[in-house]
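Engineer:
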Amino acid sequence: MIAYVDCSAGVTVPGLLAALLHLDSVLLPVDQALAAVKLLPVDIHIEEVTFRGILSKRLAFNGPTISAAHAVDVWRKVIESAGLKESVKVAVLSCLTCLSEAQKSLSPGTPSLVTEVSGSQPSTLSLTVRDMAALVGIAAVLNVAHIAQFSASALPLTSGSVQTADGIQSIPAPITLEILRRTRALWMNSSLTGELITPLAAALLATFARFDVPAFVMERVVYGIDASLPEGCAPLRICFGESQTVIPATGADIDWVTVIESHLDTMTGELLGGLMERLLTAGALDVTYTPIQMKKNRPATLLTVICPLKLGEQLSLLLLRETTTLGVRIQQIQRLKAQREQISIETPLGAMLVKVKRLGEQVVSVAPEYEECQRIAKAHALPLADVYEAARAAIRMVYNRE
């Protein structure tokens, strides 16, 4: 499933969770995740409302400490000790790290704190219980919803200013811009005013979203409203659908894969050889090594792993556990593929499998299969090149092509 977030009216984390709660069977995992985190004694209240003729889910959190704020470092310790599923915990901690790094870039030496109050950005910042609950809830939804691609539209570049502890600051808030500066976020001019993208929402989008418009067949559109915002704020919209699997004009197939990359500079050739075998056995579609030059003039190796979407997390953790790398880069990439099949043709050396490449009904090429040619060469004690030539001659007879 593909999820496309329409950010044109702004994004808050509670509003995003409200829209995601339209999905089936996600409320229970959200409740369980919130119950596993200390400092989140909250109850979720969801109601369906009609806003300007549009049916939306309106999300509110209830609890005595809902507006209490804690430093990001405090929340980090709380999440690390929580009984959350590992993938949910990693997702939440990644967002907190994104906030911390952005804050440190703006104010080196300043504690890692972020305030989520209408996007304002004072020098000492913190996260409220409400927004932290929404972040944990979103991580729980993404863990169970089988969303293969999470994309976001261009962001509204609004204008205005906000009063903070440091005085008047321009909108968008500096920390929001710093977070999104590090991503490939797209911006569009907007006539709207005010802070429409909160820092926590920016961190979440930077961590999980791709800023593009995916090629997909839209099947469902849902709307979510953040109850903490003033009345009249437009709901957040998410479009759900499935990827287009074939381009009709060409007959080519489309699918999505995960690409994992890492720079390795302290592993021997023997270890790299064993790692490739380990990854392929674990389900990787392809593994490649590219020589690169790193800092301090050190030769190193760029590891690239292509795998099915469902194995992205598993193989990334394998690399963290079994190599010397301190981190990996993960992205989801769309592939355009020709169809391929093996067929048997008769040759002077007997029946032989060959590989046929197609685009729809059009045969683009036919080629001998290496493994098949090697088998026949061994069986007949012939040079491999002679077997290849016999296969090519048979292909010319059947298909009138190489």
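Be aware that the sequence shown starts at 980, since it is given in this note's numbering, and climbs by one per residue. The C-beta atom is built at its ideal place from N, Cα and C for all residues, glycine as well.
(1) Assuming Glu1198 is part of the beta strand (DSSP E), what are its boundary residues?
(2) Gln1293: which of Thr1280, Thr1237, Leu1305, Lys1316 sits nearest, CA to CA?
(3) Leaving out five residues on either side along the sequence, give the residues of the same chain with a beta carbon under 6 Å from the beta carbon of Gly979.
(4) Please specify which runs of the beta strand (DSSP E), each continuous and at least 3 residues long, are wholly inside the stretch 1019-1051, giving them in chain order.
(5) For the pair the stretch 1196-1210 and the stretch 1179-1186, tell me if three or more CB-CB distances fall below 8 Å.
(6) Among Leu1175, Phe1129, Ser1105, Val1108, whose alpha-carbon lies nearest the alpha-carbon of Gly1139?
(7) What number of angstroms, rounded off, separates the C-alpha of Arg1031 from the C-alpha of Thr1076?
(8) Nearest by alpha-carbon distance to Ser1073: which of Glu1059, Ile1154, Leu1243, Gly1252 is it?
(9) Please name the residue, chosen from Leu995, Ile1355, Gly1253, that lies closest to Met1111 on a Cα-to-Cα basis.
(10) Can the beta-carbon of Ala1279 be found closer than 9 Å to that of Leu1243?
(11) Would you give the residue range spanned by the beta strand (DSSP E) that Leu1000 belongs to?
(12) What is the rounded straight-line gap between the Cα of Trp1235 and the Cα of Thr1044?
(13) Roughly how many whole angstroms lie between the Cα atoms of Leu1034 and Leu1000?
(14) How is the beta strand (DSSP E) around Thr1280 delimited, first residue to last?
(15) Quick check on Met1167: buried or exposed, where buried means 16 or more other Cβ atoms within 10 Å of its Cβ?
(16) In this structure, how does DSSP classify Ala1369 when only helix, strand and coil are distinguished?
(17) Quick check on the DSSP output: the alpha helix (DSSP H) that includes Asp1110 runs from which residue to which?
(18) Would Ser1130 be called buried (16 or more neighbouring beta carbons within 10 Å of its own) or exposed?
(19) Give the DSSP-derived three-state secondary structure of Ala1330 in the structure shown.
(20) Do three or more CB pairs link the stretch 1148-1160 to the stretch 1046-1059 at distances below 8 Å?
(21) Here's a check: name, in chain order, each residue in its chain whose Cβ is nearer than 6 Å to the Cβ of Leu1002, leaving out the five neighbours to either side.
(22) Using the three-state DSSP reduction, which class does Ala1213 fall into: helix, strand or coil?
(23) Among Gly1173, Ala1356, Leu1251, Thr1269, whose alpha-carbon lies nearest the alpha-carbon of Ala988?
(24) Cutting at 6 Å between CB atoms, please list the residues of its own chain near Arg1163, excluding the five before and the five after it.
(25) For my contact list, Arg1109 and Phe1195 are in at a C-beta cut-off of 8 Å; report their separation, rounded to the angstrom.
(26) Can you check which of these residues, Ile1239, Val1345, Ser1295, Val990, is closest to Ser1066 by C-alpha distance?
(27) How is the alpha helix (DSSP H) around Arg1160 delimited, first residue to last?
Structural biologist: So, from the listed chains and residues:
(1) 1195-1205
(2) Thr1237
(3) Since the first residue shown for the chain is 980 and the last is 1381, residue 979 is missing from the structure and cannot be characterised.
(4) 1022-1030, 1033-1041
(5) no
(6) Leu1175
(7) Rounded to the nearest angstrom, the two C-alpha atoms are 38 Å apart.
(8) Glu1059
(9) Leu995
(10) By the CB criterion at 9 Å, Ala1279 and Leu1243 fall inside the cutoff.
(11) No beta strand (DSSP E) contains Leu1000, which DSSP labels as neither H nor E.
(12) 43 Å
(13) 13 Å
(14) 1277-1287
(15) exposed
(16) helix
(17) 1108-1123
(18) buried
(19) strand
(20) no
(21) Ala1124
(22) It is coil, neither helix nor strand.
(23) Measuring C-alpha to C-alpha distances from Ala988 to each of Gly1173, Ala1356, Leu1251, Thr1269 identifies Gly1173 as the nearest.
(24) Phe1190
(25) No, Arg1109 and Phe1195 are not in contact; Cβ-Cβ is about 32 Å, not under 8 Å.
(26) It is Ser1295.
(27) 1153-1160
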